[in-house]
Structure formats: C-alpha cells, structure tokens
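S.K.: Structure provided below as structure tokens; questions to follow.
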Amino acid sequence: MIDLLKAFACVLIVWHHLALYGPMSDVVYQLAPRFIGLLFDYGLLAVEVFLVVGGYLNAKSWLRALSQAHFEFFPRLGARFQRLAIPLMAALCFTVAVTALVRPYFDHSSLSDAPSPLKVLAHIFLLQDVLYVEAFSAGVWYVAIDFQLFVMALLCATLAHRWQAVTQQGSVIRKAWGMWMAMTLISMFVWNLNPLGEVWGTYFFCAYGLGLCVGSWRALGFNIHHRILVLWMILIGGLAWGYEPRVRLLVAVGVAVLLALYEATDCRPLPCLKASWIQALSNASYAVFLIHFGVSLLVSAVVFTHGSESLPANGLGMLTSFGLSVALGAGLHVAIEKQTPSWQRWLQWTAAFAATCTAVMLLT
C-alpha cells in the first residue's frame, strides 16, 4: 500500500508539472484538453499523499526509539537534513546547468533567472521560499516544507520523551500522539486557512499530522477498533470541510483512512501490489521528483527548437520527458540518495552545487 501510494503520487506530480509549465502541454491541450486540464488543476493533490505517507512512516520509525532511555533530537534532525539535501544538491546541479544551457535557444517563463549568491545560499539551507527567493526548480518548496514538518513532529516527540522521563507516568507514545493531534487540529482549523502560510510547515501539518496519528495509533495501548479511528477521522475531516471546504483536506483524510485500513490488516501487502516496478518507483520517488524538472526543461527546449507546433512531437516529448525522469531518477536514487548520508557528502555536493552556480554566473 505504501509503495503504491508513493509511486502513484510520484507519477502524478511529474505529469502535473509537465502540464503546468509547458510549452509542450500547450500544444497537446488541443488534442486532450480535459486530460491536461485535470493534471493542471488537480495534479498538485499528489503533495497531500506524500505528506500523509511521510508522517505515517516517520511515526513508525520513532515508536521503538521513544520507548528507550534516550531519544536524541539533533542527530535525527541532522540525518534528515542530509537525506533531503544531498540528492537535492545533486539534482540542482543538473537543473541549473540545463537552464543555462537552453536559455539562448528556449525563451520560456518556466526558466528561472540566473543564479545569485543569495539564491545559492537560500537553496543550500532550504530557505528560498521563506526569503521569497525564486526557486531553481519546481518542487524545491516541498523539500523545505518536508524538513519543517519533520522538525515540528520531532520536537513534539522529543518533548514527550522528556516529559515521560520527568513524570515516569503514563505512556510516552500517548503524550507524543496528543501533541501531534493537537497540532493537526490547529492546522486544520487555523493555520491551513491562510494561503500566505504556504511557505511554512504549519500550513501543511493537517495532512502530515494525520499520517503521524495513524502511524502511532496501534502503539497507544487503547482498545480502539480501526473502524472507530476511521469514523473519527472522517468526522474531524467533515467538520473541517464544513468550516472551510478544501479538496486537499479531503484527499489527506482519504489517504489517512486508507492507511488506517492498511494498519488494521497488520500491514500485509496485497498480492496484486507486489509488482517489482511499483516498489522500484516508490523507492526512487524522491529522486524522480527532484530531477524531473531539469529533464522537462531539456526535452522542452529540444522540441521547441525542432517542432514547436507539431502535435506528435510535443506529445512524444511529454512521454519522453516522463520516461527520462523516471530513468534518471532511478539512477540518482542508486548513485546518490541510497548511499549512506554524512556531513562530508553534504559538503561535497553543496560545493558542487555552488561551483555549478558560480560557473553559470561567470559564463552567462
């Protein structure tokens, strides 16, 4: 189930960006206006899938550690930053280089402006949206949001662990769950209502928190049937929808319900979902997400130069862009993301990213 959700969200977000940024989709729209329109309008909902699944997996990974004598905040924080930032720096090297390469031949709004020292530093520390700096690639904002959400959830878990160490009463899992649920409800009814808050993780905690709560539900020690949990989430989601209708909230609740049903089966995989390609795409989904925009720019530039008005050329270009994104994403996953992260590797790839941006600034 987890692999299927991640693979589906990965495919959807790539096609959403292909539809959103054009120019190939502008031509293909003539043939399939409904398909392109749906991708344009609703493809971004894939983010809600990633958020709920991300919260679920993090809660699962912390359950055993929370019951131990020590639960370290900073080592976990550093490890998460490394896992996010190292493949990001590698992918941005590619995207920045491609953008500079195609700029003389491909005049399109999807191209970011040339690098600057402020932009480089903002991307290195995942602060580009907070500082209102233009991103070098589509989706970089999500990486920053993911890290912010991780920090908030980890901080709650750490506080729960310290609280448990002081009181020596009750359940540390219940304490963490209570904090996560409180923040989820606040996000649903307050933080998520302000569009200006999209640069902060608090805006998205309603989806992430649902994943956290489902992921830790069975460890609470309460004799609560999964149907009660499902009905409770539907009720809370319905109240939040009635307060302020949001399609993304319905999607987040729907994914959380699926995960709750999955938990109720002891996380047994369905036979029809054991295909190796689903697991492979799931494992490489983050790398595909990072690399696909640079691939799209390169393919778009080639098609724009040699067949800008040709419907077959643009349709084939979109398919080629998707296929190359998956292939290069798989390579990025194996060569970089899958390797053990460390501060040394982060420094190496950060230096490579800074060197790429410096070269572009000097040569263009």
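Quick note: the working numbering has the sequence shown finishing at residue 1008, numbered continuously throughout. For glycine and all other residues, C-beta sits at the position ideal for the given N, C-alpha and C.
1) Using only CA atoms, which one of 687, 769, 774 and 741 lies nearest to residue 726?
2) Between residue 772 and residue 788, is the Cβ-Cβ spacing less than 9 Å?
3) Taking the C-alpha atoms as reference points, what is the distance between residue 694 and residue 801?
4) For residue 647, which residues from the same chain have a beta carbon less than 6 Å from its beta carbon, with the 5 sequence-adjacent residues on both sides left out?
5) Three-state secondary structure (DSSP) at residue 747?
6) Rounded to whole angstroms, what's the CA-CA distance from residue 892 to residue 832? Just pull it up for me.
7) Give every residue of the same chain whose Cβ lies closer than 8 Å to the Cβ of residue 1001, excluding the five residues on either side of it in the sequence, and list them in chain order.
8) Just the Cα atoms here: how many angstroms apart are residue 947 and residue 958?
9) Just the Cα atoms here: how many angstroms apart are residue 970 and residue 932?
10) With residue 997 as the anchor, note down where its alpha helix (DSSP H) starts and where it stops.
11) Is the Cβ-Cβ distance between residue 873 and residue 885 less than 9 Å?
12) May I ask you to report which of helix, strand or coil DSSP gives residue 865?
13) Can you give the Cα-Cα distance for residue 867 and residue 983, rounded to whole angstroms?
14) Short of 7 Å in beta carbon distance, which residues of its chain neighbour residue 851, apart from the five on each side in sequence? Order them along the chain.
15) Could you tell me whether the Cβ atoms of residue 986 and residue 965 are closer together than 9 Å?
16) Assign residue 738 to one of three DSSP states: helix, strand, or coil.
17) Does the beta carbon of residue 783 sit closer than 9 Å to a beta carbon anywhere in chain C?
18) Going by the CB atoms, is the gap between residue 899 and residue 854 shorter than 9 Å?
19) Using DSSP with H/G/I as helix, E/B as strand and the rest coil, what is residue 753?
20) Could you spell out where the alpha helix (DSSP H) holding residue 918 opens and where it closes?
21) Measuring only the C-alpha atoms, how far is residue 822 from residue 843?
22) What number of angstroms, rounded off, separates the C-alpha of residue 807 from the C-alpha of residue 735?
23) Helix, strand or coil: how does DSSP classify residue 668 here?
24) With a floor of 4 residues, list each alpha helix (DSSP H) that falls wholly inside the segment 754-799, ordered by position along the chain.
25) Kindly indicate the opening and closing residues of the alpha helix (DSSP H) around residue 981.
26) Note down, in chain order, each residue of its chain lying with its Cβ closer than 6 Å to the Cβ of residue 936, except the 5 sequence neighbours on either side.
27) Where residue 828 and residue 949 are concerned, what is the direct C-alpha to C-alpha distance, given to the nearest angstrom?
28) Roughly how many whole angstroms lie between the Cα atoms of residue 798 and residue 955?
29) In whole angstroms, what separates the C-alpha of residue 846 from that of residue 738?
30) Report yes if the C-beta distance between residue 859 and residue 661 is below 9 Å; otherwise report no.
31) Would DSSP call residue 1065 helix, strand or coil?
M.R.: Let me spell this out:
1) Here residue 726 corresponds to residue number 82 of the sequence shown, with the count starting at 1. With distances taken between Cα atoms, residue 726 lies closest to 769.
2) Against the sequence shown, residue 772 aligns to sequence position 128. Against the sequence shown, residue 788 aligns to sequence position 144. Contact: yes.
3) Residue mapping note: residue 694 aligns to position 50 of the sequence shown, counting from 1. Residue mapping note: residue 801 aligns to position 157 of the sequence shown, counting from 1. Looking at the two C-alpha atoms, the distance is approximately 21 Å.
4) Numbered from its first residue, the sequence shown carries residue 647 at position 3. Once the five neighbours on either side are set aside, the close Cβ partners of residue 647 are 922, 923 and 926.
5) As a position in the sequence shown, residue 747 is number 103, starting the count at 1. In the structure shown, residue 747 sits in coil (DSSP, three-state: anything other than H, G, I, E or B).
6) By 1-based counting over the sequence shown, the position of residue 892 is 248. By 1-based counting over the sequence shown, the position of residue 832 is 188. Cα-Cα distance, rounded: 11 Å.
7) As a working note, residue 1001 is residue 357 in the sequence shown. 740, 759, 763 and 764, listed in sequence order.
8) Residue numbering aside, residue 947 sits at position 303 when the sequence shown is read from its first letter. Residue numbering aside, residue 958 sits at position 314 when the sequence shown is read from its first letter. Taking the straight line from one Cα to the other gives about 6 Å.
9) Stepping through the sequence shown from its first residue, residue 970 is reached at position 326. Stepping through the sequence shown from its first residue, residue 932 is reached at position 288. In a straight line, the C-alpha of residue 970 is about 6 Å away from that of residue 932.
10) The residue labelled residue 997 in the question sits at position 353 within the sequence shown. Here the alpha helix (DSSP H) through residue 997 covers 987-1007.
11) As a first step, residue 873 is located in the sequence shown; it is residue number 229 there, counting from the start. As a first step, residue 885 is located in the sequence shown; it is residue number 241 there, counting from the start. No.
12) Within the sequence shown, the letter at position 221 stands for residue 865. In this structure, residue 865 counts as coil in the three-state DSSP scheme.
13) Reading the sequence shown from its first residue, position 223 is the one you call residue 867. Reading the sequence shown from its first residue, position 339 is the one you call residue 983. Straight-line Cα distance between these residues: approximately 41 Å.
14) Counting from one through the sequence shown, the residue named residue 851 turns up at place 207. For residue 851, where only same-chain residues beyond five positions count, the Cβ hits under 7 Å are 692, 695, 696 and 896.
15) Sequence index remark: in the sequence shown, residue 986 carries index 342 (1-based). Sequence index remark: in the sequence shown, residue 965 carries index 321 (1-based). Cβ atoms of residue 986 and residue 965: not closer than 9 Å.
16) Stepping through the sequence shown from its first residue, residue 738 is reached at position 94. Three-state result, residue 738: helix.
17) Going by chain labels, chain C is absent from the structure shown, which holds only one protein chain.
18) As a working note, residue 854 is residue 210 in the sequence shown. As a working note, residue 899 is residue 255 in the sequence shown. Taking 9 Å as the Cβ cut-off, residue 854 and residue 899 qualify as a contacting pair.
19) Working through the sequence shown from its first residue, we reach residue 753 at position 109. It is coil, neither helix nor strand.
20) Walking along the sequence shown from the start, residue 918 turns up at place 274. Per DSSP, residue 918 belongs to no alpha helix (DSSP H) and is neither H nor E.
21) Sequence index remark: in the sequence shown, residue 822 carries index 178 (1-based). Sequence index remark: in the sequence shown, residue 843 carries index 199 (1-based). The alpha-carbon atoms of residue 822 and residue 843 are separated by roughly 25 Å.
22) Taking the first residue of the sequence shown as position 1, residue 807 is located at position 163. Taking the first residue of the sequence shown as position 1, residue 735 is located at position 91. Roughly 40 Å separates the two Cα atoms.
23) Residue mapping note: residue 668 aligns to position 24 of the sequence shown, counting from 1. Correct three-state label for residue 668: helix.
24) Runs found: 761-768.
25) On the sequence shown, position 337 is the one that residue 981 refers to. Residue 981 -> no alpha helix (DSSP H), and no H or E assigned at all.
26) By one-based count along the sequence shown, residue 936 stands at place 292. 658 and 969, listed in sequence order.
27) The residue given as residue 828 occupies position 184 in the sequence shown. The residue given as residue 949 occupies position 305 in the sequence shown. Each residue's Cα considered, the two are about 48 Å apart.
28) For this step, residue 798 is matched to residue 154 along the sequence shown. For this step, residue 955 is matched to residue 311 along the sequence shown. Rounded to whole angstroms, residue 798 to residue 955 spans 49 Å at the Cα level.
29) Counting from one through the sequence shown, the residue named residue 846 turns up at place 202. Counting from one through the sequence shown, the residue named residue 738 turns up at place 94. So the two alpha carbons sit approximately 31 Å from each other.
30) Here residue 859 corresponds to residue number 215 of the sequence shown, with the count starting at 1. Here residue 661 corresponds to residue number 17 of the sequence shown, with the count starting at 1. It is not a contact, given that the beta carbons lie outside the stated cut-off.
31) Nothing can be reported for residue 1065: it is not among the residues displayed for the chain, which extend from 645 to 1008.
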